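Student:
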Amino acid sequence: GIDCSGDSRMCCRKEFFVDFKEIGWEDWIIQPEGYHMNYCAGLCPLHVAGIPGLASSFHTAVLNLIKANNADAAVDSCCVPTQRRPLSLLYYDRDSNIVKTDIPDMIVDSCGCT
Amino acid sequence: APKGVWCPACRLAALTPTTQRDVLTALAKQSILSKLRLQDRPNITQPTSRGALLTALRRIRAQRPDAAGSSGMPRDGVCFRFCATGSSTSRSVRLHFRFSRELAGNTEILQATLYLFWAVPGPRTCPVTVRLLQPDPTGLNVTTASETRLEVQRAGWATLDVSQAVRSLFGQGSQRLTVELEVPEDLGSPLLAGRSDSHWPFVAAQARARTPHRVQRR
């Protein structure tokens, strides 16, 4: 997958970090110090459809050209997460129990076009 | 996206950076609270000392190396409950462990372990009776759910499986486990002597959210 840089327009992953201290949650969330709430954004032109990230090989480039010439045969394509991982939390619950839990699929590692 | 089609990321991109930040931060808070099934962030009334917490995490890791969940696969939750000391005499002490409603309500207890730190006062073996008490149906008295006799030879951590007692407690709708430690004669409790913050007794419960039963309709 591709990480978004300044003026990326193609499908890529935008990084966004929520610092628990900044939002006043550091007293009840013991670990970690923040949450990487990355998300996917950007365009999925038809000739990139179905390839996670951008064209990166000769084979893919040829495939793209075929697609681009048969554009009417292709359908819409969206920029979505292609790899995600859990968010591990150690926190106090309402009764001051300490709970360690993993919330699945909370952190986006890479994005691609459907 | 084609003109006129709703595109969340496009709308976000149209906002000022400050507003974008606020929107995304609010989304992150809402996402974490909803996944933890919390209406709002909890207010902490009894924070635990970091020493006790670090010790508990080390004990759990020593006991179950895979507890770290480092494989990236979602692991079951682990809940720690540190004790509040109850009544005590020269020969016995009572420890109360109060679990949260979430844990008592809609989770399945896979394993619950009581961790006790013995500070044995003298050189010889010290026999200790460990009773797990639970409220009787009226809630006015306590009955002994189980009794175990331990021979404490040296100072250090000892563990006791309390899974059955905790399951039975939750089955009765109670959230509080009481543990009574008794020594035969006036030896001074092997638990309390010289206990520092990081030797506080605790229960570690490994729990899994109960999946809603799928009702087969014919």
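As they're listed, the protein sequences go chains U and V. All residue numbers for the first sequence refer to the working numbering, where the first residue is -4 and numbers rise by one. All residue numbers for the second sequence refer to the working numbering, where the first residue is 60 and numbers rise by one. Beta carbons are placed, not taken as given, at the ideal position from N, Cα and C, and that holds for glycine. Note that the structure is predicted; figures quoted are calculated from it, not measured.
Is there at least one Cβ from chain U nearer than 8 angstroms to V82(V)'s Cβ?
Tutor: Not an interface residue.
Student: Using the beta-carbon count (16 or more within 10 Å), is V274(V) buried or exposed?
Tutor: Bear in mind that a pLDDT of 49 at V274(V), under 50, signals an unreliable position, so the number given afterwards is only what the model happens to contain. Exposed is the call here.
Student: Between T188(V), L173(V), A204(V), C185(V), which lies nearest to P194(V) when the distance is taken from Cα to Cα?
Tutor: Out of T188(V), L173(V), A204(V), C185(V), A204(V) has the C-alpha closest to the C-alpha of P194(V).
Student: Could you tell me whether the Cβ of M32(U) comes closer than 8 angstroms to any Cβ of chain V?
Tutor: Yes, because at least one Cβ of chain V sits closer than 8 angstroms to the Cβ of M32(U).
Student: Kindly indicate which residue of P76(V), V221(V), T114(V), I103(V) has the alpha-carbon position closest to the one of L169(V).
Tutor: The residue with the shortest Cα to Cα distance from L169(V) is V221(V).
Student: Chain U partners of A171(V), CB-CB under 9 angstroms?
Tutor: Residues of chain U passing the Cβ test: none, with the nearest at roughly 12 angstroms.
Student: What do you get for F156(V), buried or exposed, if any count of 16 or more other CB atoms within 10 angstroms of its CB means buried?
Tutor: Classification of F156(V): buried, given that the 10 Å Cβ count is 16 or more.
Student: Going along chain U in order, which residues have a C-beta closer than 9 angstroms to the C-beta of P112(V)?
Tutor: Going by the sequence as given, residue 112(V) is Leu instead of Pro. Result: I25, L85, I93.
Student: Would C138(V) count as contacting chain U if we go by Cβ distances under 8 angstroms?
Tutor: Yes, contact with chain U.
Student: I'd like the ranges of any beta strand (DSSP E) spanning at least 3 consecutive residues and lying wholly in the stretch 80 to 158 of chain V.
Tutor: Counting whole runs of 3 or more residues, the stretch 80 to 158 of chain V contains the beta strand (DSSP E) stretches 136 to 141, 143 to 147, 151 to 157.
Student: Using a C-beta to C-beta distance shorter than 7 angstroms, which residues of chain U count as neighbours of S159(V)?
Tutor: Result: D88, R89, D90, N92.
Student: Considering only their Cβ atoms, is the gap separating G215(V) from W259(V) smaller than 8 angstroms?
Tutor: Contact flag unset, no.
Student: List the residues of chain V that T77(U) touches, going by C-beta distances under 8 angstroms, in chain order.
Tutor: What T77(U) touches in chain V: nothing, since even the nearest Cβ is about 15 angstroms away.
Student: Does I102(U) come within less than 8 angstroms of chain V when only Cβ atoms are used?
Tutor: No - not a single Cβ of chain V is within 8 angstroms of the one on I102(U).
Student: Would you please verify whether the beta carbon of I18(U) is less than 8 angstroms from any beta carbon of chain V?
Tutor: Yes, its Cβ sits closer than 8 angstroms to a Cβ of chain V.
Student: Could you check what DSSP says for V221(V) in three-state terms: helix, strand or coil?
Tutor: Here V221(V) sits in coil by DSSP.
Student: Pull up the distance between the alpha-carbon of R213(V) and that of V75(U), whole angstroms please.
Tutor: So the two alpha carbons sit approximately 58 angstroms from each other.
Student: Count the C-beta pairs between the stretch 99 to 112 of chain V and the stretch 26 to 36 of chain U that are closer than 8 angstroms, then say yes if the count reaches three, no if not.
Tutor: Flag = no, the stretch 99 to 112 of chain V and the stretch 26 to 36 of chain U do not touch.
Student: Could you tell me which chain V residues have their CB closer than 7 angstroms to the CB of D2(U), listed as they occur along the chain?
Tutor: Within 7 angstroms Cβ-Cβ: nothing; D2(U) doesn't reach chain V, min ~11 angstroms.
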